[in-house]
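For the first sequence, position 567 matches number 567 in the UniProt record's numbering, and the numbering has no gaps at all. Cβ coordinates follow ideal geometry from the N, Cα and C atoms, glycine included. Read the structure below first, then the notes.
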Amino acid sequence: MPIHIIQDPLQDIPKTLQNIPIPTLTEKSDCAGKYVKGKVVFKGPLVSRGDHLNYILKIVIQEDAPQQSKASNYTSINVMLFGGLAKDFSHHAIQGDTVVPSGFTVSPSPTFKKDGQHPCSLHLDGDKACVYVLQASAPAEKKSGVNSTPKYTYVPLKELKLGSVVNVYAVVTFFKVPYPSKGTDYCSTLKLADQSGATVVCTVFSKNQDNQPKIFKTGDVIRLHRVKAYPFEGSIALVTSWGWSAVTFDGTVGTPVVPRTNSKSFHFGEEDRRAVTELREWAANVPPEGSSVPLSAVKPKQFFNLTCQLLAKATMDSTCTLLKVWDGSRCGYPLLTVPVEEGALEGGSPAVTEGQNLIANVLVYDNHVEVAQALKPGAFLCINNLHAVAQPGTSELSFHLHGGASYSRGICVLPLHSPEVSKLKSALQACAEQMEDDMNTCLGDMSSLTQLHATNGGPETSSSVRKCTHSLPQVSLAQVKSSPPPQFVHVRAQLSSYQPRRLYQCLKLFCSQCKAIEDVPDAESLRERFEAAAKDSMPCRVPWAVTVATDTDDAGRKIALHVSSTECPADRHSRLVFVQGATFQEMCRLSSEHEYMLPVRSSAGELALLDSTVPFLFRGKRHFYGCQQCSKGKVVKSPAVTTEVWNERNISEALGVQLMQHVAVMKLQLDDGTATLDTLLFEGSEDFFGVSADGMAYSQEAQDSVQQTMDMLLPADSSTLQRPWLDLCLCLYAAGENGETQVQIVNTHIRKHPIAE
DNA sequence: TTAGGCTTCG
């Protein structure tokens, strides 16, 4: 726990830490093992940077008395807290507390000129950062032996027990002004909330109007003594009981804590000041009333606000428009499917969401129709005062945005860079990834079945077959272009162009760990890169290999072959041979199907791999590359390949090299008459061509096959009439910083000999 | 005791 609540700084701060006076801090200060001490004179709001773990909190602390009067006058300094530390600090410390941060870094204060505070600021982030908090309290109260004031305990609203009479502190989120009841008393109804997350209704009875709690507006803080918790309609409610009292406070952060009450005598101390301050700060960071409810938490009959993404829309009639939306959470109730006329739906939804309670059908009525009509699929929305309506006889939910504008009912389009949208985007992304995982599992189980189905299928006019299990309607490319990611779509289209036209240029090296994609170096650059290595004639002997030297064509130059004594259990001929001082051509010449050849150079008496721009392993005509980013040290230790069978994977692991794999990457432009669409063939390229990327790298036959496929899809000088139609599965996803939609062809296999022939 | 927050054609 990076926040420590302490009683006595002298005792509770570790003696290993040393104080450094705030005025003496400079950018160059060595702050390891140091702490600063000061009073919190400002505490900003807890700011969330999108995801729930990512918080920032700014505070200003002031040192009591400058310890080095001559040093500088900067006794106040800005302190930035990050992550869990920021959140914990926000909960445990308030303005006025004395705090002792340690494990901070010092950097120039960006607001130095503006705020005139210390030219440096402190940053607390990571494992080493911690803050000791000495909570401010009224010493007089604690130390005076006179126990004149009773000690009250306050129960969090979530922990109310039926039948108990309790004291509570809460924020008023709703109130009805007092009115005469049908009995003898005045009555008012309040709704209360506190940090525990619960909201509770409270009824207040009083003999006269003046004794009612002095609530001026929602957000006020109330302290209630002696209220009784009792059951009402399945939840807990509060009602005033004998001898009850109420004190209220303004809820605005930073304003003086002034109690409002009619009571002649009431207890009010430092504890109360802290309770009010904490509630105010909590309330300031909680979204105001009418905050969004995720689909997963919606209950029948509820009116709520939904933050969501629009997937598709359809006009039902002149007074009603259907919006299909999702927020990445699954509704706890089955969702009603609203039938839509063919072609009426603009946009689409991922097929795998069917039956997953992910997509809500929102019926928008009357005055809201105009706004709804203008919305673009993909937009992020906040639909306010949406009504969850249960279908009679079933528990299926549909959602109605009724006519009228009360309770701020309506649709807002959220700006792309708002925190709500970042939050929503991460939820949607997580949901889409989950769906994809589910789908891949499903795909594995189903692939044999679909292949059978495909070959036994009826009349075929398509030159490709989809290998996915989606049951998606076919959409036009124009529709795809207006569809929001992430989702899968099915289209029928022709190829209109592709790049690169030279197929060998589409081969790349891919690191599955860091996702880097590199070009495959050509023979000429490899020859150059080996030149320096070939000049390495430093004799080198390693205990784990037998070294032999062989002559070269160059007079006097020798190649050293360090043959590892480790044998492959499954094949005694397999050996690891570390080759020192060879050119690229020599490496290729030496390389055979039996041995694994690894080019090395000498490095301080040991052998080291060459840099990652050249293959680290040669076998036969195959060359293997390591990832520059992800491979570990270059020095070769005794290579402990422990597996029964050897292959490039085991060997690279034993050497700490992250093996890169071949991938084929192409850009294909599709056309179906409604639009052209640029797509990427990457993850689905092996499926597409029915050829492995390694095959494309080394086998003439495979290369010819790929060329034939492309020639078949786009015959030279062909008209659109001559080009075959393709049934394709496309995956739409957001890519890059701006979240632009990228489209990949996936789950699609090209028939080289169309059945129609 | 009293009241028990509120909206809605679909």
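Please state the DSSP three-state secondary structure of V369.
For the purposes of this step, residue 369 is taken as the residue at position 369 of the first sequence. Correct three-state label for V369: helix.
Ignore the nearest five residues each way along the sequence and tell me which others in T455's own chain have a CB closer than 7 Å to its CB.
Position 455 of the first sequence, counting from 1, holds the residue named residue 455. Reliability of the predicted coordinates at T455 is poor, the pLDDT of 33 falling under 50, and the value obtained from them is presented with this limitation in mind. So the list is empty, once near-sequence residues are dropped.
So, at 7 Å on beta carbons, what are the nonlocal neighbours of P101 in its own chain, with the 5 sequence-adjacent residues on each side left out?
One-based indexing of the first sequence puts residue 101 at position 101. Cβ within range, chain order: Y35, V36, V79, L122, L124, V131.
Enumerated in chain order, which unbroken segments of the beta strand (DSSP E) with a length of 3 residues or greater are wholly contained in the stretch 551-580?
The stretch 551-580 contains these whole beta strand (DSSP E) runs: 558-564, 576-580.
Name the residue from K481, H387, K467, T583 whose alpha carbon lies nearest to the alpha carbon of P300.
Residue mapping note: residue 300 aligns to position 300 of the first sequence, counting from 1. When only C-alpha atoms are compared, the closest one is H387.
Residues bridged to S603 by DSSP?
On the first sequence, position 603 is the one that residue 603 refers to. Answer is E606, bridged to S603.
Residue ranges of each beta strand (DSSP E) run of no fewer than 3 residues wholly in the stretch 281-329, ordered along the chain?
Complete beta strand (DSSP E) runs here, min 3: 303-317, 320-326.
Could you compute how far the alpha carbon of V60 sits from the alpha carbon of V172?
Position 60 of the first sequence, counting from 1, holds the residue named residue 60. Position 172 of the first sequence, counting from 1, holds the residue named residue 172. Going from the Cα of V60 to the Cα of V172 covers about 30 Å.
Please classify G348 as buried or exposed, where buried requires at least 16 other C-beta atoms within 10 Å of its C-beta.
The residue given as residue 348 occupies position 348 in the first sequence. Burial call: buried.
Based on DSSP bridge pairs, tell me the residues matched to A549.
Counting from 1 along the first sequence, the entry for residue 549 is found at position 549. DSSP lists A560 as partners of A549.
Taking R466 as the reference, give the member of H490, S418, V475, V41 with the closest Cα.
Indexing the first sequence from 1 puts residue 466 at position 466. Per the Cα distances, H490.
What separation, rounded to the nearest whole angstrom, lies between the Cα atoms of S631 and S463?
By 1-based counting over the first sequence, the position of residue 631 is 631. By 1-based counting over the first sequence, the position of residue 463 is 463. About 42 Å.
Provide the residue(s) that pair with F175 in DSSP beta bridges, ordered along the chain.
Start at 1 with the first residue of the first sequence, and residue 175 comes out as number 175. Answer is L190.
Does the separation of the CB atoms of P639 and T547 fall below 9 Å?
As a working mapping, residue 639 is identified with position 639 in the first sequence. As a working mapping, residue 547 is identified with position 547 in the first sequence. It is not a contact, given that the beta carbons lie outside the stated cut-off.
Please list the segments of the beta strand (DSSP E) lying wholly inside the stretch 54-123, counting only runs of 3 or more residues, in order along the chain.
Listed in chain order, the complete beta strand (DSSP E) runs (minimum 3 residues) inside the stretch 54-123 are 55-62, 76-82, 98-102, 105-108.
Residues bridged to P231 by DSSP?
Working through the first sequence from its first residue, we reach residue 231 at position 231. P231 is bridged to I236.
What does the alpha-carbon distance come out to for the pair L310 and V369?
As a position in the first sequence, residue 310 is number 310, starting the count at 1. As a position in the first sequence, residue 369 is number 369, starting the count at 1. Going by the C-alpha atoms only, they are around 15 Å apart.
If you drop the 5 nearest sequence neighbours on each side, which residues of the same chain put their C-beta closer than 7 Å to that of residue 761?
Since the first and last residues shown for the chain are 1 and 757, residue 761 lies out of range.
M666 bridges to which residues according to DSSP?
By 1-based counting over the first sequence, the position of residue 666 is 666. M666 pairs with L681.
What separation, rounded to the nearest whole angstrom, lies between the Cα atoms of S482 and L363?
Position 482 of the first sequence, counting from 1, holds the residue named residue 482. Position 363 of the first sequence, counting from 1, holds the residue named residue 363. About 21 Å.
Could you give the first and the last residue of the continuous beta strand (DSSP E) run that contains N384?
Walking along the first sequence from the start, residue 384 turns up at place 384. From DSSP, the beta strand (DSSP E) with N384 extends over 380-390.
Can you tell me the Cα-Cα spacing of S408 and N384, whole angstroms?
Locating residue 408 in the first sequence gives position 408, counting from the first residue. Locating residue 384 in the first sequence gives position 384, counting from the first residue. Each residue's Cα considered, the two are about 6 Å apart.
Does V40 come out as helix, strand or coil in the three-state DSSP assignment?
Looking up residue 40 in the first sequence gives position 40. Three-state result, V40: strand.
Going by alpha carbons, who is nearest to Q195 out of H91, G116, P178?
Here residue 195 is taken as the residue at index 195 of the first sequence, counted from 1. Of the candidates H91, G116, P178, the one whose C-alpha sits nearest the C-alpha of Q195 is H91.
Can you tell me the Cα-Cα spacing of H662 and C627, whole angstroms?
Stepping through the first sequence from its first residue, residue 662 is reached at position 662. Stepping through the first sequence from its first residue, residue 627 is reached at position 627. Each residue's Cα considered, the two are about 12 Å apart.
Shortest alpha-carbon distance to residue 778 belongs to which of S497, D210, V614?
Outside the shown range of the chain (1 to 757) lies residue 778, about which nothing can therefore be said.
For the beta strand (DSSP E) holding F399, just list the boundary residues, first then last.
The residue labelled residue 399 in the question sits at position 399 within the first sequence. It spans 397-401 - the beta strand (DSSP E) in which F399 sits, taken as one unbroken run.
If you count every other CB in all the chains shown that lies within 10 Å of the CB of L416, and 16 or more means buried, which is it?
Taking the first sequence and counting its residues from 1, one reaches residue 416 at position 416. The residue in question, L416, is exposed, as its Cβ has fewer than 16 Cβ neighbours within 10 Å.
Would you tell me roughly how many angstroms separate the C-alpha atoms of C731 and P724, rounded to the nearest one?
Counting from 1 along the first sequence, the entry for residue 731 is found at position 731. Counting from 1 along the first sequence, the entry for residue 724 is found at position 724. Roughly 21 Å between the two C-alpha positions.
Among the residues of its own chain, which have a CB less than 7 Å from the CB of T319, if the five just before and after it don't count?
By 1-based counting over the first sequence, the position of residue 319 is 319. Excluding residues within five positions, the ones whose Cβ falls inside 7 Å are Y365, D366, V369.
Can the beta-carbon of A734 be found less than 9 Å from the beta-carbon of K425?
Your numbering for residue 734 matches position 734 in the first sequence. Your numbering for residue 425 matches position 425 in the first sequence. Yes. Within cutoff.
Cutting at 6 Å between CB atoms, please list the residues of its own chain near Q209, excluding the five before and the five after it.
Here the question's residue 209 lines up with position 209 in the first sequence. Taken in chain order, the residues that qualify are P178, Y186.
Are the beta-carbon atoms belonging to F205 and S181 less than 9 Å from one another?
For this step, residue 205 is matched to residue 205 along the first sequence. For this step, residue 181 is matched to residue 181 along the first sequence. Going by C-beta atoms, F205 is nearer than 9 Å to S181.
Buried or exposed: V106, going by 16 or more other Cβ atoms within 10 Å of its Cβ?
Along the first sequence, one-based indexing puts residue 106 at 106. It is buried - the Cβ of V106 has at least 16 other Cβ atoms within 10 Å.
What residue from F104, F42, G83 has the CA that sits closest to D115's CA?
Sequence index remark: in the first sequence, residue 115 carries index 115 (1-based). Ranking the options by Cα distance to D115, first place goes to F42.
Is it true that the stretch 520-538 meets the stretch 605-615, where meeting means three or more beta-carbon pairs spaced less than 8 Å apart?
Touching, per the Cβ criterion.
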